[in-house]
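In our numbering, the protein residues as written are 1 to 288. Where is the CB? At the ideal position from N, CA and C, for every residue including glycine. From a predicted model like this one, the values you see are computed outputs, not experimental measurements. Okay, so here's the structure we're looking at.
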Amino acid sequence: MHSVVVTGASSGIGRATAVELACRGYDVLGTVRSADKAEDLIAAADSHGAPMRTVLLDVADPDSCEEAFAHIGRLTGGGPWAVVNNAGTELMGAVEDIAEEEARYLLEVNLLGPFRLCRLALPAMRRRGSGRIVNVTSHAGLVASPFNGWYAASKHALEALSDSLRMESARYGVSVSVVEPGFHETPMVPDAQRRLARLAADGTSPFQDAYASTSRYLERLRPFRPAEDAARVVCRAVTARRPRARYLTGRESFLTRINPFVPQPLSDAFLRRATGLRGTVPCGDVSR
């Protein structure tokens, strides 16, 4: 039985992926950050009649990653066959409104965390001569929008590093894929809306009006597709005989595909309009 580590398995796409893979007969090790979340994940798998094991892991903590993978090595007899790097966090706000420590933490979770786990998993995969790595990125890794710059930057970097890793690892029988979800029903969008509301209420940002517009725009995009839709695509990347380099998911994937062919001023105008950044604001006036 192939063993698969799924990070960020406590909710959203990670949880749905872990449960789906367990239902398909894989030995799933879902990583979570607390014992309570571990119990909840096991209960979710049990409700589908699928056994699952959990491991406590914080992808932003190098020591936690080392300890967790040492434990995973013992549980799997040397190391997992596959790793799904799903754990991630959002950080809404204009580039100038993001504190440096916030950006650093985002990069720890969304970029450095996945590659810590890749480095820990790859030696066993090379010795075995086979393995799968699936990095969950985002449509934002392909198209950046206002107030999502740091998140988009982290996912764009994850795309680039995945490309390099894919070519480096192929000679050892290890495939590397990225899955690029659009909007799905996960905690991330409500978290983003709550942050936008705080930024709008703060009253110090020149973008406070646009933050409120962006939150309304996100609400207009509902209903989102269920997390299970994206999870099935992640599972396809894990289980395919010949995995593709990229998998796009979500109803927005068509727009993402055509965006490179849209004139930049037109694309900018659409995203500015959607996020309330139309027109110009006189210097010094932060009320509009």
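query                                                                                                                                                        : result
Any idea what DSSP makes of Glu185, helix, strand or coil?                                                                                                   : strand
Using a Cβ-Cβ cutoff of less than 7 Å, which residues in the same chain neighbour Arg278 once the five nearest sequence positions on both sides are dropped? : Arg272
What's the gap between the Cα of Pro51 and the Cα of Val95?                                                                                                  : 44 Å
If you compare alpha carbons, which of Asp40, Ala227, Val83, Arg194 is closest to Ser175?                                                                    : Val83
Can you have a look at Asp36 and say buried or exposed, based on whether 16 or more other CB atoms are within 10 angstroms of its CB?                        : exposed
Pull the bridge partners of Ser175 from the DSSP assignment, please.                                                                                         : Arg132
What is the rounded straight-line gap between the Cα of Leu91 and the Cα of Glu39?                                                                           : 28 Å
Can you tell me whether Val262 is buried or exposed, with buried defined as 16 or more other CB within 10 angstroms of its CB?                               : exposed
Please report the straight-line C-alpha distance between Ala153 and Gly141, rounded to a whole angstrom.                                                     : 7 Å
Report the CB separation of Gly129 from Gly79 in whole angstroms; it is logged as a contact under 8 Å.                                                       : 13 Å between Cβ atoms; not a contact.
For Thr182, tell me which candidate among Ser215, Arg116, Arg257 has the shortest Cα-Cα distance.                                                            : The sequence shown places Gly at residue 182, not Thr. Residue Arg257 is the option with its Cα nearest to Gly182.
Would DSSP call Pro226 helix, strand or coil?                                                                                                                : strand
Three-state secondary structure (DSSP) at Gly93?                                                                                                             : coil
Under a three-way DSSP split, which group does Asp268 fall into?                                                                                             : helix
Output the distance between the C-alpha atoms of Arg288 and Trp150, rounded to the nearest integer angstrom.                                                 : Because the pLDDT of Arg288 is 41, which lies under 50, any placement of that residue in the model is unreliable, and the number read from its coordinates should be weighed accordingly. Straight-line Cα distance between these residues: approximately 24 Å.
Tyr217 to Thr275, Cα distance in whole Å?                                                                                                                    : 7 Å
For the alpha helix (DSSP H) containing Asp63, list its first residue and its last residue.                                                                  : 62-76
Between Pro187 and Gly12, what straight-line distance do the alpha-carbon atoms span, to the nearest angstrom?                                               : 7 Å
Can you give me the C-alpha to C-alpha distance between Ser10 and Ile42, rounded to a whole angstrom?                                                        : 10 Å
Is Thr137 closer than 7 Å to Asn85 when the C-beta atoms are compared?                                                                                       : no
In whole angstroms, what is the alpha-carbon distance linking Val286 and Val32?                                                                              : Below a pLDDT of 50, predicted positions are generally treated as unreliable, and Val286, at 49, falls in that range; the measurement from the model is reported next regardless. Cα-Cα distance, rounded: 41 Å.
Let me check understanding here. Comparing Cα to Cα, which of Leu199, Gln208, Glu252 lies closest to Phe224?                                                 : Glu252
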